[in-house]
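Novice: Below is a structure I'd like to ask you about.
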Amino acid sequence: MAALARTALRYSARHEAAASETFAEHVIHGLGDNPKWLSAKYFYDSTGSDLFEQITALPEYYPTRTELGILEKNARAMSAYIPLAAALVEFGTGSTRKARILLNAAPQVSAYVPVDISAEFLAQEAAALRRDVSNIAILPVAADFTRDFDLPSQIRARPRVGFFPGSTIGNFEPEDAAEFLRQAARILGHGSTMIIGIDLIKDAAVLNAAYDDAAGVTAKFNLNVLTRMNRELGGNFDLSAFRHRAFYNAEGRRIEMHLESLKAQTVTVAGRRFDFATGETIHTENSYKYTVDSFRALAESAGWRPAATWTDEKGYFSIHVLKI
Ligand code: AVJ
Numbered sequence: 117m118a119a120l121a122r123t124a125l126r127y128s129a130r131h132e133a134a135a136s137e138t139f140a141e142h143v144i145h146g147l148g149d150n151p152k153w154l155s156a157k158y159f160y161d162s163t164g165s166d167l168f169e170q171i172t173a174l175p176e177y178y179p180t181r182t183e184l185g186i187l188e189k190n191a192r193a194m195s196a197y198i199p200l201a202a203a204l205v206e207f208g209t210g211s212t213r214k215a216r217i218l219l220n221a222a223p224q225v226s227a228y229v230p231v232d233i234s235a236e237f238l239a240q241e242a243a244a245l246r247r248d249v250s251n252i253a254i255l256p257v258a259a260d261f262t263r264d265f266d267l268p269s270q271i272r273a274r275p276r277v278g279f280f281p282g283s284t285i286g287n288f289e290p291e292d293a294a295e296f297l298r299q300a301a302r303i304l305g306h307g308s309t310m311i312i313g314i315d316l317i318k319d320a321a322v323l324n325a326a327y328d329d330a331a332g333v334t335a336k337f338n339l340n341v342l343t344r345m346n347r348e349l350g351g352n353f354d355l356s357a358f359r360h361r362a363f364y365n366a367e368g369r370r371i372e373m374h375l376e377s378l379k380a381q382t383v384t385v386a387g388r389r390f391d392f393a394t395g396e397t398i399h400t401e402n403s404y405k406y407t408v409d410s411f412r413a414l415a416e417s418a419g420w421r422p423a424a425t426w427t428d429e430k431g432y433f434s435i436h437v438l439k440i
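Take the sequence shown: its position 307, counted from the start at 1, is 423 in the numbering used here, and no numbers get skipped.
Right, dumping it as structure tokens:
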């Protein structure tokens with residue numbers, strides 16, 4: 117198991133090199149490309165994480181509240197797919213809010229393993245959870261879940277249930293999403309279960325509003341990556357010379373976020389100079405959307421067997437149980 121868990125995640129062409137880069141190397145790589153791009157994972161410094169929390173409460177941003185509703189309504193039914201004494205392994209735990217709903221409905225869970233890149237954040241969440249849920253082992257793992265990591269030795273003998281809510285998998289290119297699912301299968305092991313939240317294709321106006329809210333919080337979230345480059349990489353981005361752009365690309369089945377240069381300008385960052393034409397963009401995020409069937413097909417292509425799916429009444433969001 118440990119040897120398998122150590123197998124590194126592989127990525128498709130562009131992201132393969134990017135996976136092991138430092139932030140500076142990544143910026144030099146991404147802004148040197150044509151078209152310019154940056155990985156969405158760099159949104160999440162502490163300001164970015166706070167802004168994302170604010171996004172989840174926006175009236176236009178339906179995914180979080182819709183997924184919470186599906187979880188609350190169906191947690192008992194989901195619990196039926198969780199084996200006795202199972203360990204619940206959450207990939208990229210932003211907050212334990214969703215896991216708590218499952219843990220409350222599934223008393224047979226014996227351990228909770230939140231995996232997150234921020235050790236400090238994990239320690240806080242784990243401490244709070246230990247106070248509230250005293251009858252299970254809380255075993256945090258500080259790791260980048262998109263890379264390799266080892267499961268705690270304490271859960272070696274227990275059935276594993278992966279938990280990946282929030283449609284976070286939407287940030288992966290579809291072939292990378294399949295690779296992530298294959299890797300998760302290797303880490304969790306044969307006989308495992310996965311509970312995963314997937315945002316669904318819907319009316320473009322609903323999607324566009326969710327990523328371009330009236331209060332401008334998503335715009336701030338997107339522009340914050342410029343502030344982060346200024347602070348961490350000695351950049352001189354003028355935030356008033358860029359604007360937030362977000363739109364649903366129906367052909368690509370994804371929301372795209374960009375930062376658009378409002379004028380011809382040269383910016384220095386990470387010790388390099390980058391020229392921008394008026395209207396040129398930095399592509400900062402893809403958020404892929406699926407149908408229930410297209411996600412099930414993706415999961416099957418990665419070796420998982422779809423066992424159950426729940427959606428909300430509007431069909432905006434879905435939660436899937438997969439088995440391997
Ligand atoms: C955290 C990737 C699920 O794609 O909806 C929210 C990130 N970006 N608003 C998403 C995000 C802009 C979010 N995920």
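We put the beta carbon where it would ideally sit given N, CA and C, even for glycine.
Label Ser403 either buried or exposed according to how many other C-beta atoms from any shown protein chain fall within 10 Å of its C-beta, with 16 as the threshold for buried.
Specialist: buried
Novice: Any heavy atom of the ligand AVJ inside 7 Å of the beta-carbon of Asn287?
Specialist: yes
Novice: Between Leu378 and Arg359, is the Cβ-Cβ spacing less than 8 Å?
Specialist: For the pair Leu378 and Arg359, the CB atoms are nearer than the 8 Å cut-off.
Novice: Checking 8 Å against the spacing of the C-beta atoms, do Pro256 and Ala273 come in under that value?
Specialist: no
Novice: Are Ile317 and Thr407 touching if we call contact CB-CB under 8 Å?
Specialist: yes
Novice: DSSP on Glu176, reduced to helix/strand/coil?
Specialist: coil
Novice: Do you know how far the Cα of Pro179 is from the Cα of Ser211?
Specialist: 15 Å
Novice: Quick one: grab the DSSP three-state call for Glu214.
Specialist: Contrary to the premise, residue 214 reads as Lys rather than Glu in this sequence. Residue state, collapsed to three classes: helix.
Novice: Is any non-hydrogen atom of the ligand AVJ found closer than 7 Å to the C-beta of Ile171, if you look at the structure I gave you?
Specialist: yes
Novice: Please report the residue range of the alpha helix (DSSP H) in which Pro290 lies.
Specialist: Pro290 to Leu304
Novice: If we call anything under 8 Å between Cβ atoms a contact, is Lys336 one with Leu167?
Specialist: yes
Novice: Please specify which runs of the alpha helix (DSSP H), each continuous and at least 4 residues long, are wholly inside the segment 138-193, giving them in chain order.
Specialist: 139-148 and 162-172
Novice: Do Ile233 and Asp266 have their C-beta atoms within less than 8 Å of each other?
Specialist: no
Novice: Just tell me which of Ala196, Ile271, Val249 and Glu376 has its CA closest to the CA of Leu355.
Specialist: Glu376
Novice: For Phe237, which of helix, strand or coil comes out of DSSP?
Specialist: helix
Novice: How would you call Thr384, buried or exposed, if buried means at least 16 neighbouring beta carbons within 10 angstroms?
Specialist: exposed
Novice: Relative to the C-alpha of Glu401, which candidate in Ile254, Leu438, Tyr158 and Ala203 has its C-alpha closest?
Specialist: Tyr158
Novice: CA-CA distance, Tyr228 and Thr163?
Specialist: Between Tyr228 and Thr163, the C-alpha separation is close to 27 Å.
Novice: For the ligand AVJ, is there a heavy atom less than 7 Å away from the beta-carbon of Thr284?
Specialist: Checking the Cβ of Thr284 against the ligand AVJ gives yes.
Novice: Would Gln299 be called buried (16 or more neighbouring beta carbons within 10 Å of its own) or exposed?
Specialist: buried
Novice: Leaving out five residues on either side along the sequence, give the residues of the same chain with a beta carbon under 8 Å from the beta carbon of Ala121.
Specialist: Only weak support exists for where Ala121 lies, its pLDDT of 28 falling under 50; the coordinates are left without a value.
Novice: Residue range of the alpha helix (DSSP H) that Lys336 falls in?
Specialist: Run containing Lys336: Val333 to Leu349, per the alpha helix (DSSP H) assignment.
Novice: Which residues in the same chain have their Cβ closer than 7 Å to the Cβ of Gly185, if we skip the five residues on either side of it in sequence?
Specialist: Asp428
Novice: Inspect the beta-carbon positions of Ala235 and Ala258 and report whether they are closer than 8 Å.
Specialist: yes
Novice: Using CA atoms only, rank isn't needed, just tell me which of His142, Ile371 and Ser226 is closest to Val205.
Specialist: Ser226
Novice: Can you find a heavy atom of the ligand AVJ that lies under 7 Å from the Cβ of Pro175?
Specialist: no
Novice: Ignore the nearest five residues each way along the sequence and tell me which others in Leu219's own chain have a CB closer than 8 Å to its CB.
Specialist: Leu204, Val225, Tyr228, Val249 and Ile252
Novice: Three-state secondary structure (DSSP) at Gln381?
Specialist: strand
Novice: Rounded to whole angstroms, what's the CA-CA distance from Arg246 to Phe280? Just pull it up for me.
Specialist: 21 Å
Novice: Going by beta-carbon coordinates alone, are Lys439 and Thr309 separated by less than 8 Å?
Specialist: In terms of Cβ geometry, Lys439 and Thr309 form a close pair [threshold 8 Å].
Novice: What does DSSP give as the partner residues of Asp391 in its beta bridges?
Specialist: Thr382
Novice: Compute the distance between the beta-carbons of Asn190 and Trp420, then report whether it is under 8 Å.
Specialist: no
Novice: Ala321: which of Gly148, Tyr160 and Ile371 sits nearest, CA to CA?
Specialist: Ranked by how close their Cα comes to the Cα of Ala321, the residues Gly148, Tyr160 and Ile371 have Ile371 in first place.
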